[in-house]
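S.K.: Can you keep this structure in mind? I'll have questions shortly.
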Amino acid sequence: MPDKVTIKIPRELYEKLQQMIEGTGFSSTTEFIVFVMRTLASTGKIKEDDKLTEQEVQIIRERLKRLGYL
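Under the numbering used here, the sequence shown has 2 at position 7, and the numbering climbs by one with no breaks.
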């Protein structure tokens, strides 16, 4: 069994991530995606009762707006 698998994401998202990591310590978009997924996975399972506070929602909205998603 191979050590890695392929995960498909929209090209537009991939290209946006490429732009985001320019000038950072990440050597590739794949490296960045693996970092994000490992960070998410290290927090444990996602529970249905996990909810964001209104302040967290506002911070996320502001970040998405700065990134051009909103």
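Using N, Cα and C, we set each Cβ at its ideal position, and we do this for glycine too. Keep in mind it's a predicted model, so treat the numbers as computed, not measured.
#1: Taking just the CA atoms, how far does residue 35 sit from residue 21?
#2: Quick one: complete alpha helix (DSSP H) runs, 4+ long, within the segment 22 to 53?
#3: Identify which residue in 32, 14, 16, 18 has its Cα closest to the Cα of residue 2.
#4: Would you report the Cα separation of residue 63 and residue 51, rounded to the nearest angstrom?
M.R.: According to the data block:
#1: 17 Å
#2: 24 to 37
#3: 32
#4: 18 Å
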